[in-house]
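In terms of this note's numbering, the sequence shown opens at residue 436 and continues consecutively.
Ideal Cβ placement from N, Cα and C applies to all residues, glycine included.
Working notes, structure below.
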Amino acid sequence: MMNDNLLTRSFSKHERKKLGYGALAACLLITLSFFIVFNPYLGPLPLLNFMLSTGDDQKLFAVNDTSSSLQMDKEIITINDASSSQEAVARDAEMVRNEKKLINDTGSSRQTINEIVIKDSLIVNDTSSSQQIATDAATMNEKIELRCNIMGRSEFCEIKGDIRIYGNSSTAFIVSSETDILTAENTSWSIRPYARKEALGEKDFARKWSVKLVTDRPDIPRCTRNHSVPAILFSVGGYSGNFFHAFTDIIVPLYSTAQPFNREVQFLITNRKSSWIAKFKTLLEALSRYEIIDIDDRHDMHCFQSLTIGLKGRNNKELSIDSSTSPYSMKDFTQFLRRWYSLKKITAAKIRDGDKRKPRLLIISRKRSRAFTNVGEIAELAESLSYQVIVAEPGPDVSGFAKIINSCDVVMGVHGAGLTNIVFLPENAILIQVVPFGRVEWASRVSFEDPAKDMNIRYLDYKIKVEESTLIQQYPADHVVLRDPSVIGKQGWLAFRSIYLDKQNVTLDVNRFRPTLVKALELLHQ
Numbered sequence: 436m437m438n439d440n441l442l443t444r445s446f447s448k449h450e451r452k453k454l455g456y457g458a459l460a461a462c463l464l465i466t467l468s469f470f471i472v473f474n475p476y477l478g479p480l481p482l483l484n485f486m487l488s489t490g491d492d493q494k495l496f497a498v499n500d501t502s503s504s505l506q507m508d509k510e511i512i513t514i515n516d517a518s519s520s521q522e523a524v525a526r527d528a529e530m531v532r533n534e535k536k537l538i539n540d541t542g543s544s545r546q547t548i549n550e551i552v553i554k555d556s557l558i559v560n561d562t563s564s565s566q567q568i569a570t571d572a573a574t575m576n577e578k579i580e581l582r583c584n585i586m587g588r589s590e591f592c593e594i595k596g597d598i599r600i601y602g603n604s605s606t607a608f609i610v611s612s613e614t615d616i617l618t619a620e621n622t623s624w625s626i627r628p629y630a631r632k633e634a635l636g637e638k639d640f641a642r643k644w645s646v647k648l649v650t651d652r653p654d655i656p657r658c659t660r661n662h663s664v665p666a667i668l669f670s671v672g673g674y675s676g677n678f679f680h681a682f683t684d685i686i687v688p689l690y691s692t693a694q695p696f697n698r699e700v701q702f703l704i705t706n707r708k709s710s711w712i713a714k715f716k717t718l719l720e721a722l723s724r725y726e727i728i729d730i731d732d733r734h735d736m737h738c739f740q741s742l743t744i745g746l747k748g749r750n751n752k753e754l755s756i757d758s759s760t761s762p763y764s765m766k767d768f769t770q771f772l773r774r775w776y777s778l779k780k781i782t783a784a785k786i787r788d789g790d791k792r793k794p795r796l797l798i799i800s801r802k803r804s805r806a807f808t809n810v811g812e813i814a815e816l817a818e819s820l821s822y823q824v825i826v827a828e829p830g831p832d833v834s835g836f837a838k839i840i841n842s843c844d845v846v847m848g849v850h851g852a853g854l855t856n857i858v859f860l861p862e863n864a865i866l867i868q869v870v871p872f873g874r875v876e877w878a879s880r881v882s883f884e885d886p887a888k889d890m891n892i893r894y895l896d897y898k899i900k901v902e903e904s905t906l907i908q909q910y911p912a913d914h915v916v917l918r919d920p921s922v923i924g925k926q927g928w929l930a931f932r933s934i935y936l937d938k939q940n941v942t943l944d945v946n947r948f949r950p951t952l953v954k955a956l957e958l959l960h961q
């Protein structure tokens, strides 16, 4: 305090500010001199490049096997790697280099990075953690590429190098013959290869796999089976028993991931379900010409040069492919389905005045819940409007039902997994989604309304009134279930589903529903 008072009396405020700047400059000069004098004695750091990948507006977390940690502030965009050069690209990233510069050379030069500090990301150096999102590790004599993403809805890793998969311990080893990767040695990542991350916290939802970067030591298992094609490892656990989730969580992302390989790819399945594989055999064989390997609990060592763990292409929309980030679209996917299921109808009928053809209407029936209680009345109404009516319920024969729905111009059904079969409809067909009572509009929109538009399917909906719901037979007229469904919604998804999805059937008011069928006819005339 005495020194502060003396300084205050001896120097003006402006002079004290100048002294502060001078002291800062002196410190920087001393630091620079230190590196100039001692740099020849500082050993080079191992060449280790990090490729960080995130979804939009996401934070990054990485894990390395050392004891220090770096707190960072800005978001990494990408680090691109070509065959003979490596280019690092960062947005708003402050790079601190220890005298050596970041070299971007398209010739034979290697990129040398001694230290990169990036803000708004966190590198946690802890082998017990499993939150690594992305790494690209390169050695002097051989190349290992590892890019992982756990920040979107789908966790996945893309790996190239000496990859050894040991199913008994659910581990993928990435092996290097170089010993000069000490900063990366024994680094590991944990991933659950199922494309619905928000559900991965549930117990036994999908098997957890480890990805480990190791040097080639005697204790690392040897290959017992070498494969010459890339592999994709994915889970058929989770909600795969539901037809909607089978497509949105597995089949559509699998298409995006596997299609570039033109069937020259090996599928490794974890959480195997024989019935699921049999049900979708046609699609699995369409994407891979090789027999599926059940990789769980195997004691042999399968070796590959390229591996994808998890499925790519899963975005925030259901039943969709983001064509801005993928070379494919949902239109490509539906064409793929028509080709492999031998579906003949490409576009819906266009009805002209005086045309004697009747448009085909499929009424999707249900048995357990959200079923139509007056299917006969609905069919009679449709026939009076010159529709040819078919009533059918989806079953385990995917191919058979695909042919039925593909032959139709209009399909209608209550919100539910059965409507997923619209993926087999011809283009310009019409979906009429009957929305149950209970504020199910949001689920109906994201599940089928938005996806239908991406498939070039025209969309109509019909929101039932409480009088058309069988809930009025189960609850008094003044009950909160009928009076204010939002109260039940606030109790959580399980409470909401147990009432409005599991206990409700639909008795359509055919007079009220008639204009919707008329509108569908008008669309077919356009």
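Three-way DSSP call (helix, strand, coil) for residue i in this model
| i | result |
| --- | --- |
| T606 | strand |
| G587 | coil |
| K708 | coil |
| K714 | helix |
| F640 | coil |
| K632 | helix |
| G848 | strand |
| G830 | coil |
| A666 | strand |
| N661 | strand |
| K838 | helix |
| L904 | A quick correction: the sequence has Ser, not Leu, at residue 904. In this structure, S904 counts as strand in the three-state DSSP scheme. |
| M736 | strand |
| R749 | coil |
| L797 | strand |
| L959 | helix |
| I825 | strand |
| T622 | strand |
| K766 | helix |
| Y690 | helix |
| V870 | strand |
| D597 | strand |
| S954 | One detail in the question is off: residue 954 reads as Lys in this sequence, not Ser. Here K954 sits in helix by DSSP. |
Contacts around residue i, its chain only, beta-carbon distance under 7 angstroms, and the 5 residues preceding and following it disregarded
| i | result |
| --- | --- |
| A784 | R792, P794, D844 and L959 |
| F931 | I923 and G924 |
| R949 | L816 |
| F696 | P665 |
| V875 | H850 and Y935 |
Close beta carbons around residue i, own chain, < 6 angstroms, minus the five adjacent residues each side
| i | result |
| --- | --- |
| K643 | S625 and R627 |
| M736 | R599, Y601, P656, C658 and T659 |
| L742 | I594, I598 and A666 |
| I839 | A827 |
| S623 | S645 and K647 |
| N750 | D757 |
| D944 | E903 |
Inter-residue spacing [alpha-carbon to alpha-carbon] between residue i and residue j
| i | j | result |
| --- | --- | --- |
| Q823 | A817 | 8 angstroms |
| L895 | K802 | 23 angstroms |
| E590 | L860 | 30 angstroms |
| M890 | N661 | 40 angstroms |
| F739 | T717 | 25 angstroms |
| G873 | V858 | 27 angstroms |
| F640 | K632 | 10 angstroms |
| V881 | E862 | 20 angstroms |
| A607 | S709 | 24 angstroms |
| S764 | W877 | 24 angstroms |
| Q926 | P762 | 41 angstroms |
| S879 | V915 | 22 angstroms |
| A681 | G789 | 43 angstroms |
| W928 | S921 | 11 angstroms |
| F883 | I727 | 31 angstroms |
| K752 | T683 | 9 angstroms |
Sequence-distant residues of the same chain with beta carbon closer than 8 angstroms to residue i, five excluded per side
| i | result |
| --- | --- |
| V941 | R805, A806, F807, T808, V849, V869, P871, I899, E903, S904 and T905 |
| I865 | A783, D844, V845, V846, I892, R893, Y894, L895, A955, L958 and L959 |
| P475 | Confidence at P475 is low in this model, with a pLDDT of 42, below 50, so its placement is unreliable and no value can be given for it. |
| G853 | F678, I799, R801, E828 and P829 |
| V700 | V664, P665, A666, I667, A693, L722, S723 and Y725 |
Residue i CB to nearest heavy atom of the ligand COA below 7 angstroms
| i | result |
| --- | --- |
| I600 | The ligand COA is not among the ligands present in this structure, which contains no ligands whatsoever. |
How about the stretch 931-943 and the stretch 819-837: do they share at least three Cβ pairs that are nearer than 8 angstroms? no
Does the stretch 685-696 come close enough to the stretch 744-758 to have 3 or more Cβ pairs within less than 8 angstroms? yes
Cβ pair count under 8 angstroms reaching 3, the stretch 577-592 against the stretch 706-726: no
Are the stretch 700-709 and the stretch 666-679 touching, with three or more C-beta to C-beta distances below 8 angstroms? yes
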